[in-house]
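> Before we start, here is the structure in question, set down as structure tokens.
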Amino acid sequence: MTSAFGKGLKGFRALKWWTPFSALPHGICGVVGLLSGVYLVQGALLGPGEHSYTLATESTEPKMDILVLYVYVVSSFMNSLAGYFLADKAPGKFRAVFRNTAVLQMFL
């Protein structure tokens, strides 16, 4: 008998990470967006200090958090664009919802 964790891990490995095409990988962009978003949120929750990000700084050196913020924005946009193209693979009754949420995410 296979455990629930084993089944989940098998399903996770079976995902198609590079769809709809390798130039716009929905799975990879999603993971990058998730990890960079978690980094930014934990920095915001910990408050001011070395873990928080600020858009206006007095120093001329770019802070790592600003770069992470740009990575988050670009990966989220790419993920939603890939999701828009993948909407045709969804069941018919969900296609319009998936397309509309992808467009909404692009404008957020």
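Just add 1330 to wherever you are in the sequence shown, counting from 1, and you've got my numbering. Each residue gets a CB set at the ideal place from its N, CA and C atoms; glycine is no exception. Every value quoted in this text rests on a predicted model; they were computed, and no experiment measured them.
Given 8 Å as the limit, is there contact between the region 1394 to 1405 and the region 1424 to 1434, that is, 3 or more CB pairs closer than that?
Flag = no, the region 1394 to 1405 and the region 1424 to 1434 do not touch.
> For L1438, does the three-state DSSP call read helix, strand or coil?
Working through the sequence shown from its first residue, we reach residue 1438 at position 108. If DSSP states are grouped into helix, strand and coil, L1438 belongs with coil.
> Does S1382 come out as helix, strand or coil in the three-state DSSP assignment?
For the purposes of this step, residue 1382 is taken as residue 52 along the sequence shown, with counting starting at 1. Model confidence at S1382 stands at a pLDDT of 48, short of 50, so the residue's coordinates are unreliable; what they give is reported in the following sentence. Three-state result, S1382: coil.
> Which one or two residues does DSSP pair with L1354 in a beta bridge?
In the sequence shown, counting from the first residue as 1, residue 1354 sits at position 24. DSSP output for L1354 lists F1351 as bridge partner(s).
> So, for Q1435: in the same chain, excluding its five sequence neighbours on each side, which residues have a beta-carbon less than 6 Å away from its beta-carbon?
Here residue 1435 refers to the residue found at position 105 of the sequence shown. S1410, listed in sequence order.
> Identify, in the order they occur along the chain, each residue of the same chain with its Cβ nearer than 7 Å to the Cβ of G1360, setting aside the five sequence neighbours on each side.
Residue mapping note: residue 1360 aligns to position 30 of the sequence shown, counting from 1. Same-chain partners within the cutoff: N1409.
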